[in-house]
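*Asks:* Quick one: the structure is below, and I'll ask about it shortly.
Protein chains in written order, with my numbering: chain A, 35 to 384; chain B, 35 to 384.
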């Protein structure tokens, strides 16, 4: 059966299973219509879609606290031209609730008095560099003094600073490739001494039989990750029709739509970047974000990625064509990375 | 003796000793006039300068292949208002030559034939996702089959993909806080089995008594990191005079100057970002780069950091004042992060 047969639509996502990307994918693409397949890296998801071994791919794009996922930006820019046909066709927002996972130490678990006196008072310690530290949003459910090493993804560490600096100050951090990988490492801790803990998802605790030592350890309540759905080729109704209805681009509806465009400019021309951005303004495409990445052709030259939103422009190919034509005249090169229905404020499961 | 006494000017830099930041600092601030002090984190360098325990700080800002150092951007944005007085007053460019450091395995070292047959042919393997992989720029100086784990900073891993995917494909990677920390870990490998290796500086090999297993393992020849020098307070001649002459801001000279400005906008106003960038164009301040970071006040709202360059504008406080006044009218808030002499094309040691 081919990957694009309606009965067996394959969705590649950034694994391993129990990753946040997995959760976003499960919520968007329901069985039995879709078959989900985990991939080892974001690049592997791009590869699966480019080679048509999957119809769609799901990758993390941006976190509301920590910013863009640079690796995804680099793959979209595609300096090596390995993914010429990849286009974005949808987005999924998902609340991220980090947990501290590990083992409960028998020697400390009933000794809450000592927990207090050991400096873990539950309020972040002011220092000269952080005179008004953020208060952690949650408390540990058990003593954490046995924890000597924490594993997580760098983005997750960045999202849990208040909790870590209050309850796990000075504890060694090991950055690994994903939050689910972190849980795997801790689950493999053979003597179960409890010296190792992971910041990972609630789902990972079940999958790896780990104890939840603390819930909701992220700094801000509203910690949302945005995922992109990618497909092969630009908006193409043959493929679009395989998507769940909520992601399909339909003409005429007054839905807000978004697009991502990459371009580079002649850095020697004064005002070149402002000129490029003016094109979007002129064509009523509101600029909602901008990122820059090194071009890797010349040092200190950049490729810019801009996200724009609008209504009428996306429904009228002529209007869009005009805007892109004008962009050609003020950039050294540009690439259309796809457009999709704005899903902001709509959770994955809805 | 106070930190600002000319005979004992303290420079805080991101350590540990033998880090690339250390190298950039040594080359710029020569003994006996300056006393260098290593700090554990970029935040600690900011803290030292804000609290006046150091006159200047040196921190990494951007790499020519890998882009901005997000942690430095976040500290400059200073959402917590912990560093209200920090301003940039200089920049240093430094070539980064990564080395693979570790131990030479006695059992493999003379067995080059096997090295060839084990798939490490010296050319990167084409895959469907990378049909034309970058060729590694250098070859290992010894067999690497005994290497089972590599330690380095995530940025350094990102800069050495061709070498790693050719000669150390599938070897476990451990991301640590700095390249010098990576060398420290490998040096502590007690049985010297050679299973651990680090991507670090040539200087770190000497400091930690490690063998250089390969030199220049980074993907591109031109791999340069830009460091910022920070001081307390905006351009202030009392402090500026303590800087080495090459970094001092002097009026009248036809030196190109740069400045960094952070601002946020009303995301609901169409064209708000383009309007803000137009102000710089109007005042002949050429935009050379732009980065965005989450505001962390509302999700999907950003703080933008723009770098501008010009000549006349920086020498005439009135012209600059006009530009900033106009920026006030089109942004929700903005922050001047300092200006400095453009040092592009001038190496640290010169």
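Ideal placement from N, C-alpha and C gives every residue a C-beta, glycine not left out.
1) If we count Cβ pairs, one from each stretch, closer than 8 Å, do we get three or more for the region 258-272 of chain B versus the region 299-312 of chain B?
2) Taking CB distances under 8 Å as the criterion, tell me whether residue 334 of chain B reaches chain A.
3) So for residue 65 of chain B, helix, strand or coil by DSSP?
4) Rounded to whole angstroms, what is the Cα-Cα separation between residue 127 of chain A and residue 349 of chain A?
5) Closest to residue 262 of chain B by CA distance: which of B:93, B:47 and B:58 is it?
6) Does the region 249-264 of chain B come within contact of the region 188-201 of chain B, defined as at least 3 CB pairs closer than 8 Å?
7) Just the C-alpha distance for residue 213 of chain A and residue 315 of chain B, rounded to the nearest angstrom, thanks.
8) Measuring CA to CA, which of A:129, A:374 and A:130 is closest to residue 279 of chain A?
9) Spatial neighbours of residue 113 of chain B within its chain, please: C-beta separation below 6 Å, excluding the five flanking residues on both sides.
10) Are there 16 or more other CB atoms within 10 angstroms of the CB of residue 209 of chain A, so buried, or fewer, so exposed?
11) Are the beta-carbon atoms belonging to residue 76 of chain A and residue 105 of chain A less than 8 Å from one another?
12) What do you get for residue 276 of chain B, buried or exposed, if any count of 16 or more other CB atoms within 10 angstroms of its CB means buried?
13) Three Cβ pairs or more, each shorter than 8 Å: is that satisfied between the region 175-190 of chain B and the region 114-124 of chain B?
14) Ends of the beta strand (DSSP E) at residue 245 of chain B?
15) Can you give the beta carbon distance from residue 91 of chain B to residue 102 of chain B, rounded, assuming they're within the 8 Å contact cut?
16) Going by beta-carbon coordinates alone, are residue 312 of chain B and residue 308 of chain A separated by less than 8 Å?
17) In this structure, does DSSP put residue 336 of chain A in helix, strand or coil?
18) Quick one, which of A:84, A:42, A:51 and A:60 has its alpha-carbon nearest residue 264 of chain A's?
19) Whole angstroms are fine: how far does the CA of residue 95 of chain B sit from the CA of residue 259 of chain B?
20) Please state if the CB of residue 344 of chain B and the CB of residue 291 of chain B are separated by a distance shorter than 8 Å.
21) Let me make sure I understand the geometry here. Which of A:172, A:219 and A:346 has the alpha-carbon closest to that of residue 231 of chain A?
22) With a threshold of 16 other CB atoms inside 10 Å of the CB of residue 371 of chain B, please say whether the residue is buried or exposed.
23) Once DSSP output is grouped into helix, strand and coil, what is the label at residue 313 of chain B?
24) Do the CB positions of residue 187 of chain B and residue 172 of chain B come within less than 8 Å of each other?
25) Does the ligand NAP have even one heavy atom less than 7 Å from the beta-carbon of residue 134 of chain B?
26) Note down the Cα distance separating residue 180 of chain A from residue 66 of chain B, rounded to an integer number of angstroms.
27) Strictly under 8 Å for the Cβ-Cβ distance: is residue 322 of chain A near chain B by that measure?
28) Could you check the C-alpha separation between residue 221 of chain B and residue 246 of chain A for me, to the nearest Å?
29) Determine the direct distance from the alpha carbon of residue 235 of chain B to that of residue 143 of chain B, and round the result to whole angstroms.
30) Return the chain-ordered ranges of every beta strand (DSSP E) run that is complete within the region 338-378 of chain A and spans a minimum of 3 residues.
31) Can you confirm whether residue 200 of chain A, when its beta carbon is compared against all beta carbons of chain B, has any partner nearer than 8 Å?
32) Based on the DSSP secondary-structure assignment, which residues constitute the bridge partners of residue 292 of chain A?
33) Report the three-state DSSP secondary structure of residue 242 of chain A (helix, strand or coil).
34) Counting along the chain, where does the alpha helix (DSSP H) carrying residue 79 of chain A start and finish?
35) Where does the unbroken beta strand (DSSP E) through residue 134 of chain B begin, and where does it stop?
36) Using a Cβ cut-off of 7 Å, pull out every chain B residue sitting near residue 301 of chain A, in sequence order please.
*Replies:* Quick answer:
1) no
2) yes
3) coil
4) 23 Å
5) B:93
6) yes
7) 43 Å
8) A:374
9) 330
10) buried
11) yes
12) buried
13) no
14) 245-249
15) Actually they are not in contact, since the Cβ atoms of residue 91 of chain B and residue 102 of chain B sit about 18 Å apart, beyond 8 Å.
16) yes
17) strand
18) A:84
19) 7 Å
20) yes
21) A:219
22) buried
23) helix
24) no
25) The ligand NAP is absent from the structure shown, which contains no ligands of any kind.
26) 46 Å
27) yes
28) 35 Å
29) With a pLDDT of only 46 at residue 143 of chain B, under the threshold of 50, the placement of this residue in the model should not be trusted; the figure read from the coordinates follows. If I take the Cα positions, the gap works out to 23 Å.
30) 367-375
31) no
32) A:343 and A:374
33) helix
34) 76-84
35) 133-136
36) 322
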